[in-house]
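K.L.:
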Amino acid sequence: MFVDQVKIFVRGGDGGNGMVAFRREKYVPNGGPAGGDGGKGANVVFQVEEGLRTLVDFRFKKHFKASRGEHGMSKSMHGKNAADLVVKVPPGTVVRDEQTNEVVADLIEHGQTAVIAKGGRGGRGNNRFATPSNPAPEIAENGEPGQERTVVLELKLLADVGLVGFPSVGKSTLLSVVSAARPKIAEYHFTTITPNLGVVATEDSRSFVMADLPGLIEGASEGVGLGHQFLRHIERTRVIVHVIDMSGLEGRDPYEDYVTINNELKEYNLRLTERPQIVAANKMDMPDSEDNLQAFKEKVGEDVQIFPISSFTKEGIRELLYAVADKLEETPEFPLDHEEEEAGVHRVLYKFEKDELEFEITREPDGRFVVSGDKIERLFVMTDFNRDASIARFARQLRSYGVDDELRKRGAKDGDTVKICEFEFEFVE
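Under numbering that gives the first Met the number 0, the residues of the sequence shown are numbered 0 to 428, in order.
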C-alpha cells in the first residue's frame, strides 16, 4: 500500500516536578533547602530513514507521546532528562502544522532530524528559590507541559526524473524497460494510481532515479482525476520526460495532449514550467505514428527536444536515456517555494514582530471571568497548589502581569469568580 499523506498527533514529554526538601544530616545545623530540579521532558524528533518509501506505518499509529522527565530528588539531585522519542520517516517527507499550515520541517537526506514537538523544561526545586530574606523556601515548580500539535505529513518522491503524460501513453511500460521496477501495466486508464520508482543506469555508467507518476488529465490542477495526489510528487523532480502517444489510437491529438499537460503543470505551480522537459514520442511502432510525429514537430517548433521511441521494440530508448542523463548533469536542484521563504527568514536576523498579549480576559454568561493565554496557563500548570508558599507566589506573579488591574477595569469585585483553565478562584481585593 502506497500512502503519501497522513495526519498524526504528537506531544512532547512533560518536565519533571521540582522537589521541596531540606538537609537533615547529623552535625549539619540549619542545613537549608535541598530540593532538586525536575528533568527535561523528551522531544518528539523525526528522523529520515533511507529504507522507507511510504507513510503506511502512520496509518496504524497516529499518536506519538514522548515520556516525561524524572522528578527532582532530595540532596539537591537533579531528575533525569527523558530520552527523545525518535520517529522514522521516509526521505521527501514534508511536515506541516495542521492549524497554521506552516511548514515545520522538510526532511530529505538520510539521517536528517527535526524536532516536531518540544519537551517541557523541568520544574525548579526549592534550593533554587533560596534568598537572603527567605533562606528556607517551601516553593517548588511543577514541570512544564510538553508541546502538542497535530501535523500533516506529505511525502514528495525524491526522483531525479518524472514521467508525465495522459493515462495509457506508456509511462509504466517505459519504466519497466529502462529499470528493474515492475509497475502494474494494463490496457485501461489509471492503471497506475501510485507513483513507482526505478533506478536507471545508462551504458556509460551514469545512473538516476526515475518516477512513473500517475496519469494526468485536464483539470488535474483543480483536483480532477488523481489531481494533486500526482502533482505533489513532481515538485522535486529536476527533469520532466513528457511521454506522448504518437499513434493516436485513442482518438486524441498528440499536440493537444502536449499543450493540455503543460497547462496543468503551469496551473498547479509556476515553478514546474522552469524544469527542462524532454518529449518522448512513444509507440512509434504503430502505423500512423510517423505522420503524427511530423505534424507534432511542425507545431511545437525546434526548441523542444523530441526523441521517437518504442517501449515495445526498445527503439530509441538508448538515445533518450543519454539525453536525460546529460540534462541532469547541467540542471541544479529546484528549491520549493517554502524552502526559499525559510532561507530568506534565516538570512534576515532583524525582524519586527508585534508582541502578543500575555493574557486575555473574557466573561461567561453566568458572570464568571475567564483568564486565558499561554503564559498564564503555563504558570498555572507549573504551580504546586498543595503549598501555601507556591499559591502566594502564583498570586504575586498574576499581579505583576497586570491581571488584577485588568480584572478591576472589567468590573470584577470582591467575591467574584475567576476561572483559569478548568479551575475557579475567588477574586479578593
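For each residue, glycine too, the CB sits at the ideal point set by N, CA and C.
Is the number of C-beta pairs between the region 321-331 and the region 238-246 that are closer than 8 Å three or more?
P.N.:
yes
K.L.:
Is residue 176 near residue 316, with beta carbons less than 8 Å apart?
P.N.:
In the sequence shown, counting from the first residue as 1, residue 176 sits at position 177. In the sequence shown, counting from the first residue as 1, residue 316 sits at position 317. Yes, the pair counts as a contact, with Cβ atoms nearer than the cut-off.
K.L.:
With DSSP as the reference, label residue 178 as helix, strand or coil.
P.N.:
Taking the first residue of the sequence shown as 1, we reach residue 178 at position 179. Assignment of residue 178 by DSSP, reduced to helix, strand and coil, places it in the coil class.
K.L.:
To the nearest angstrom, report how far apart residue 129 and residue 135 are at their CA atoms.
P.N.:
Along the sequence shown, one-based indexing puts residue 129 at 130. Along the sequence shown, one-based indexing puts residue 135 at 136. Residue 129 and residue 135: Cα-Cα distance of roughly 6 Å.
K.L.:
So residue 278 packs on residue 305, CB below 8 Å; how close in whole Å?
P.N.:
Here residue 278 corresponds to residue number 279 of the sequence shown, with the count starting at 1. Here residue 305 corresponds to residue number 306 of the sequence shown, with the count starting at 1. Confirmed, Cβ separation roughly 5 Å.
K.L.:
If I follow the unbroken alpha helix (DSSP H) through residue 98, where does it start and stop?
P.N.:
Sequence index remark: in the sequence shown, residue 98 carries index 99 (1-based). Membership of residue 98 in any alpha helix (DSSP H) is not indicated, and neither H nor E is assigned to it by DSSP.
K.L.:
Whose CA, out of 265, 272, 364 and 283, lies closest to the CA of residue 253?
P.N.:
Here the question's residue 253 lines up with position 254 in the sequence shown. It is 283.
K.L.:
Below 8 Å between beta carbons: does that hold for residue 425 and residue 414?
P.N.:
Here the question's residue 425 lines up with position 426 in the sequence shown. Here the question's residue 414 lines up with position 415 in the sequence shown. Taking 8 Å as the Cβ cut-off, residue 425 and residue 414 qualify as a contacting pair.
K.L.:
One question on the structure: do residue 37 and residue 17 come within less than 8 Å of each other, judged by their Cβ atoms?
P.N.:
Your numbering for residue 37 matches position 38 in the sequence shown. Your numbering for residue 17 matches position 18 in the sequence shown. The answer is yes: Cβ separation under 8 Å.
K.L.:
Taking residue 121 and residue 142 to be in contact with their CB atoms under 8 Å, please state how far apart those CB atoms are, rounded to whole angstroms.
P.N.:
By one-based count along the sequence shown, residue 121 stands at place 122. By one-based count along the sequence shown, residue 142 stands at place 143. About 5 Å separates the two Cβ atoms, so the contact holds.
K.L.:
Quick one: what's got a C-beta closer than 6 Å to residue 345's C-beta in the same chain, skipping five residues either side?
P.N.:
Here residue 345 refers to the residue found at position 346 of the sequence shown. Only weak support is given to the placement of residue 345: the predicted model assigns it a pLDDT of 37, under 50, and the value that follows is read from those uncertain coordinates. Closer than 6 Å at the Cβ level, and outside the excluded window around residue 345, lies no residue.
K.L.:
I'd like to check one pair, residue 110 with residue 208: are the Cβ atoms closer than 8 Å?
P.N.:
As a working note, residue 208 is residue 209 in the sequence shown. As a working note, residue 110 is residue 111 in the sequence shown. Result no, Cβ atoms of residue 208 and residue 110 do not sit closer than 8 Å.
K.L.:
Got a sec? Which residues, its chain only, sit under 8 Å from residue 339 by beta carbon, not counting five neighbours each side?
P.N.:
Counting from 1 along the sequence shown, the entry for residue 339 is found at position 340. Confidence at residue 339 is low in this model, with a pLDDT of 43, below 50, so its placement is unreliable and the value that follows should be read with caution. Excluding residues within five positions, none has a Cβ falling inside 8 Å.
K.L.:
Quick check on residue 286: buried or exposed, where buried means 16 or more other Cβ atoms within 10 Å of its Cβ?
P.N.:
The sequence position of residue 286 within the sequence shown is 287, counting from 1. Per the 10 Å Cβ criterion, exposed.
K.L.:
Curious, which full-length alpha helix (DSSP H) runs of at least 4 residues does the region 350-385 contain?
P.N.:
373-380
K.L.:
Between the Cα of residue 21 and the Cα atoms of 31, 15 and 14, which residue gives the shortest distance?
P.N.:
In the sequence shown, residue 21 corresponds to position 22, counting from 1. Closest option to residue 21, Cα to Cα, is 31.
K.L.:
Considering only the alpha carbon of each residue, which of 84, 151 and 118 lies closest to residue 104?
P.N.:
The residue given as residue 104 occupies position 105 in the sequence shown. The residue with the shortest Cα to Cα distance from residue 104 is 151.
K.L.:
Three-state secondary structure (DSSP) at residue 293?
P.N.:
Your numbering for residue 293 matches position 294 in the sequence shown. In this structure, residue 293 counts as helix in the three-state DSSP scheme.
K.L.:
Residue 98: buried (16+ other C-beta within 10 angstroms of its C-beta) or exposed?
P.N.:
Locating residue 98 in the sequence shown gives position 99, where the first residue counts as 1. Exposed, by the Cβ-count rule.
K.L.:
Taking only three categories from DSSP, how would you classify residue 64?
P.N.:
One-based indexing of the sequence shown puts residue 64 at position 65. Residue 64 falls in the strand class under three-state DSSP.
K.L.:
If you reduce the DSSP assignment to three classes, tell me which class residue 413 lands in.
P.N.:
In the sequence shown, the residue the question calls residue 413 occupies position 414. Per DSSP, reduced to three states, the secondary structure at residue 413 is coil, with no helix or strand assignment.
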